[in-house]
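Notes for the one structure printed next.
Chains as they are written, first to last, in the working numbering: chain F, 248 to 657; chain R, 248 to 657.
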């Protein structure tokens, strides 16, 4: 911890020496105003508190009313188009694997688009003997093929070997559940120029995101619309117990998870495989200029949902999942975990959330347990203060699969 | 023209050789659907036509009704906050210049922000002898000081000498009009880290834009809110003829001009100093991958107004200015000029718009006069096809000032 603070201080000092204020707030005058636009905009972000933040003092009735408000706000933000007269999904292939069947389907959620997904069905599961099911949503740069333990569809999509442990769909099917694996838009089979990329440099999510934003939509609005369509399809499958559907999100996929959770009260449980953080706080704090002398918003525009930060933040959306079970597997701030735990207590299911830290931060003595994050810091410092272990970011199947199995096979 | 087509063909061929489709539309299947997300999103943009596009067949009554609809839609898109109890603007300095006075003011349109602007008042103008006035909105990278012909406030803000001809405020005051010069947000005095930039590398508009977008606002929403506040202040000045206020926008400033024009029916006339183009068409067409193997949206997120392209495009907004006089000075597509001219004819003021091409394209024989732009082209090819001369992009005072003077001194 001492090293963390020292290195943060060194970075701040270096920025000041370069004449660069680590936080735009430094340009705010004694009268509380700034001529500097970036500083004035920082103040706007700071003072416009989310209207639908979770309140730990909620009564159960207030909590339920708040959940409905959150659901309505998420519906408005996501801008899902009305369902049309889409052709029925088509089965493209059906193959045997070791202990399960692998099906590939194509569906048509929207005019002009065809969406493919993989369905892994454990041996012995059928309409006569339906099983619980998991919708598996990957992280950035990952494909449905990776989640299913299948070969990538193009050499350019290959990831380093260490990524193979993110085969969440295969892990679930081996544990006896139907696993449905989707691609995030712009990834793998849905990619554009990356098919012929001379070498892997990551997918371009931003160009498509920008077009969607121009249309008043967003990457996450589009992704959640498609995934919700697949989720509804899952509910209609006779081999699936539609009252035992889990949504499992890894990294980028946790965003879709939270949105689906707010939109669909029928989802039975959730796997949140990332650290939990407040994206608004991160934007306020991570303002230290980079080596190029500029400040950089913490993430790219594929995460931009215009207006979301005026409504709530990610821990609020996880709190709004209560009382439905959730497992959070990669830590974050104890402050936010306490907030989620409080929601589950209010909702009458105090054991419904399992909040786990990364092994490196499992001991409370090594964790930072702070109420707020200082402004003017770098990404690395944010990660340290928020107990994030980015090198150990993977699908924590060893913990998750038994937890889900215990829950849904009851 | 032959060279243009040849070079476009060469670029397309190079992209195809690299295995890159110049347009995402190539991934659309025979059934009209694409698995490729970028292609599906391209189809969305293509098929969702703007709801409030100008119709050359409008009757005068339909045209007026349409203008009200446009105005309402712009109001919704701009998200201007309700006016608060702001302190009165303060005069910071008042100095003599050659033939006019230079005042610097500060106003407070929004909590947390102080906005400075310059006011240039011709000798002899007073409450007893008020003058027409021009609100001058600069282009990207330009400051209010540049427009006023004053020294920059920091060495890092200095522009190449050729930019000095963009002193539009000084040109207007020398012609006998009160000129008010504002900064675009993030520029010059409103800059952040650029104050101490070791060398000029352009302003960072994107970081502040991103924060505004997160808050459900936009760079243009913020800029137009501030400029409208200054415009309202101008109307209250006794030395200003409030029925003879002109808005003059250069480059980036033309966007604010169009917005102010839709929001405020009292503005007397407009100077549009840029080429006129359809931003939606540009986004559809400019999809040729760059040298980095990626497609790039034609402009940065400071131009992003979420949802705008579902409503109208820039030529529609210029058409909606009719019958109030406008001068467009840097060309574009004849097709779009004809549309604007048609609007002025419908509005009963056919001579109200003056649409000028760049000298290089003044001769109709050298202009491309096309109805549509092919998809899969580069920025350079778009500029060529749209008769844009980027090297001759400057404030065309020699044409504009006499036109404005003739109009307002009547």
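Beta carbons are placed, not taken as given, at the ideal position from N, Cα and C, and that holds for glycine.
Computed from a prediction, not measured in an experiment: that's the story for all the values here.
Could you check where the beta strand (DSSP E) with residue i kicks off and where it finishes?
i, result
"residue 337 of chain F", "337-344"
"residue 351 of chain F", "347-357"
"residue 497 of chain R", "487-497"
"residue 307 of chain R", "Not the beta strand (DSSP E): residue 307 of chain R falls in the alpha helix (DSSP H), residues 307-325."
"residue 273 of chain F", "Run containing residue 273 of chain F: none; DSSP gives neither H nor E here."
"residue 573 of chain R", "573-575"
Name the DSSP beta bridge partners of residue i, please?
i, result
"residue 650 of chain R", "Answer is none; residue 650 of chain R lacks a bridge partner."
"residue 364 of chain F", "F:352 and F:429"
"residue 565 of chain R", "In the DSSP output, where bridge partners are listed per residue, residue 565 of chain R has none listed."
"residue 518 of chain R", "R:495 and R:574"
How would you write the range of the alpha helix (DSSP H) that residue i sits in, first residue to last?
i, result
"residue 409 of chain F", "Note, residue 409 of chain F: premise wrong, no alpha helix (DSSP H); not H, not E."
"residue 380 of chain R", "Element bounds for residue 380 of chain R: not the alpha helix (DSSP H) but the beta strand (DSSP E), 378-384."
"residue 292 of chain R", "284-294"
"residue 483 of chain F", "466-483"
"residue 457 of chain F", "453-461"
"residue 601 of chain R", "Per DSSP, residue 601 of chain R belongs to no alpha helix (DSSP H); it is in the beta strand (DSSP E), 600-602."
"residue 405 of chain R", "From DSSP, residue 405 of chain R is part of no alpha helix (DSSP H); its letter is neither H nor E."
"residue 614 of chain R", "Premise fails: residue 614 of chain R is in no alpha helix (DSSP H) and is neither H nor E."
"residue 636 of chain R", "Run containing residue 636 of chain R: none; DSSP gives neither H nor E here."
"residue 393 of chain F", "391-395"
For a test of the three-state rule: what should DSSP assign to residue i, helix, strand or coil?
i, result
"residue 524 of chain R", "coil"
"residue 641 of chain R", "coil"
"residue 249 of chain R", "At residue 249 of chain R the pLDDT is 48, less than 50, meaning the model places this residue with poor confidence and gives no usable figure here."
"residue 592 of chain F", "helix"
"residue 281 of chain R", "strand"
"residue 369 of chain F", "strand"
"residue 623 of chain R", "coil"
"residue 304 of chain R", "coil"
"residue 579 of chain R", "strand"
"residue 659 of chain F", "In the structure as shown, chain F begins at 248 and stops at 657. Residue 659 of chain F is therefore absent and cannot be evaluated."
"residue 555 of chain R", "helix"
"residue 534 of chain F", "coil"
"residue 584 of chain F", "helix"
"residue 299 of chain R", "coil"
"residue 543 of chain R", "coil"
"residue 329 of chain R", "coil"
"residue 421 of chain R", "helix"
In terms of alpha-carbon separation, which member of the options lies closest to residue i?
i, options, result
"residue 656 of chain F", "F:270, F:381, F:277 and F:311", "F:381"
"residue 342 of chain R", "R:574, R:283, R:351 and R:622", "R:351"
"residue 565 of chain F", "F:300, F:274, F:288 and F:444", "F:300"
"residue 507 of chain R", "R:637, R:430, R:321 and R:370", "R:321"
"residue 374 of chain R", "R:485, R:625 and R:537", "R:485"
"residue 618 of chain R", "R:570, R:455, R:462 and R:633", "R:633"
"residue 365 of chain F", "F:376, F:338 and F:413", "F:338"
"residue 443 of chain F", "R:510, R:539 and R:584", "R:539"
"residue 631 of chain F", "F:648, F:604 and F:646", "F:604"
"residue 499 of chain R", "R:477, R:515 and R:466", "R:466"
"residue 399 of chain R", "R:371, R:370 and R:430", "R:430"
"residue 513 of chain R", "R:542, R:523, R:495 and R:478", "R:478"
"residue 269 of chain F", "R:440, R:309, R:535 and R:598", "R:440"
"residue 311 of chain R", "R:649, R:590 and R:549", "R:590"
"residue 487 of chain F", "F:353, F:424 and F:459", "F:424"
"residue 588 of chain F", "F:302, F:281, F:286 and F:294", "F:302"
"residue 336 of chain F", "F:579, F:492, F:473 and F:317", "F:473"
Got a sec: is the Cβ-Cβ distance from residue i to anything in chain A below 8 Å?
i, result
"residue 541 of chain F", "No chain A appears in the structure shown, which is made up of the protein chains F and R."
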